[in-house]
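Numbering (the numbering used here), first residue to last: 8 to 395. Ideal placement from N, C-alpha and C gives every residue a C-beta, glycine not left out. The structure appears right after this line, and notes come after that.
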Ligand SMILES: [Fe+2]
């Protein structure tokens with residue numbers, strides 16, 4: 008059985024973000040809170056958007072306090088600004104942290120908190136104020152997803168899932184990615200690849216998600232290397248399109264063990280989300296191959312790697328390709344190289360099992376399995392030890 012519900016309009020194209028003023032007018036908004044971070048603001052990316060808003064006679068309030076892995080205090084500050092200024096719409100411009108902050112702030116405007124009571128599946132009872140999301144990275148997918156992640160007091164990245172969190176409009180403008188540093192293209196691109204691989208291979212069946220995921224993997228396999236290496240608009244545009252497709256895929260089919268394990272690494276050790284996923288992805292793929300050889304063989308073919316003598320061997324060839332991709336993109340090989348404290352592993356294991364994504368992973372997973380994967384990813388030993 009497949010269920011498809013995506014109440015988001017997607018506008019794709021160079022300079023599409025310059026129509027943001029008329030889009031908010033069409034939503035009957037008159038005073039919009041922009042949610043963004045210092046990096047985006049300093050780069051001047053907002054200037055032409057605020058001009059577009061002014062031309063549509065829309066007032067603007069700026070919330071510039073977004074931090075990586077936004078916490079409860081950050082989200083509540085954004086909500087307080089929205090309420091005190093009597094705004095009637097939200098514009099998120101940035102990566103996953105900006106879009107997630109905007110979603111969570113909007114959620115608190117119309118749904119009584121505290122946030123702890125909204126964590127989990129479908130706890131929201133009211134729609135958000137009109138929200139337009141404009142991504143400036145090629146990974147999050149948050150511009151089309153039904154999820155926001157807020158880091159709580161003990162550094163646990165708590166997911167909140169509801170169709171009310173899907174933005175009204177996603178505006179995909181490749182021009183906004185032109186100043187993205189290569190390491191950010193690489194890390195966010197690997198996040199998108201992880202979304203697609205997990206949505207395709209997990210235990211949730213959804214044909215629309217699978218089609219979106221396969222196309223996302225195909226595009227990423229072709230565009231991520233050149234987009235990172237030369238940053239040209241055409242390749243970045245393909246990556247932006249792929250990351251949104253991957254976002255569609257995981258909104259419909261959810262994720263898996265990579266995200267269950269990477270959130271604790273980011274929450275407790277501050278490793279950027281895309282980097283944590285990139286390091287873990289080949290290990291979890293190798294661990295999972297026996298659970299879904301057919302799905303991982305599909306991943307391999309979509310990565311553009313030749314068929315091997317049987318399905319398992321084809322699936323394993325995909326793991327090797329992801330190891331090679333990480334290396335070519337300059338992603339560190341291990342958590343040790345990223346300075347993560349190995350003493351955190353027991354806490355990370357505990358937090359992994361709080362995620363609903365463990366239960367839908369294509370291979371049943373025990374605490375000892377997670378410990379083995381974390382330990383291997385810490386030292387950077389070959390992921391192939393899980394399949395050979
Ligand atoms: Fe992700």
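- In terms of CA proximity to residue 72, 107 leads the group 38, 107, 65, 64.
- For residue 198, the shortest C-beta to heavy atom distance toward ligand 1 is below 8 Å.
- Residue ranges of uninterrupted alpha helix (DSSP H) with 4 or more members, entirely inside the region 75-100 and ordered along the chain, are 79-91.
- For residue 368, the shortest separation between its Cβ and any heavy atom of ligand 1 does not lie below 8 Å.
- Minimum Cα-Cα distance from residue 279 among the listed residues 291, 266, 290 corresponds to 266.
- The beta-carbon separation of residue 9 and residue 213, rounded to 5 Å, stays under the 8 Å limit for a contact.
- When the Cα atoms are used, residue 221 and residue 207 turn out to be separated by approximately 7 Å.
- Inside the region 132-188, DSSP marks whole beta strand (DSSP E) runs of 3 or more residues at positions 138-142, 154-158, 164-168, 176-179, from first to last along the chain.
- The three-state secondary structure of residue 52, taken from DSSP, is coil.
- For residue 8, the three-state secondary structure derived from DSSP is coil.
- If you draw a straight line from the Cα of residue 172 to the Cα of residue 246, it is about 23 Å long.
- In the three-state reduction of the DSSP assignment, residue 31 falls in the helix class, which pools H, G and I.
- Under a 10 Å Cβ-count criterion, residue 44 is classified as buried, with 16 or more other Cβ atoms of the shown protein chains found around its own Cβ.
- Annotation for residue 283: 269, 272, 273 place their beta carbon closer than 6 Å to its own, counting only its chain and skipping 5 residues before and after.
- Under the three-state reduction of DSSP output, residue 382 falls in the helix class.
- DSSP, reduced to helix, strand and coil, places residue 69 within a strand of the structure shown.
- For residue 328, there is no enclosing beta strand (DSSP E); the enclosing alpha helix (DSSP H) covers residues 318-336.
- Its Cα nearest to that of residue 323, the residue 300 stands out among 358, 300, 150.
- Per DSSP, the unbroken beta strand (DSSP E) holding residue 16 starts and ends at 16-19.
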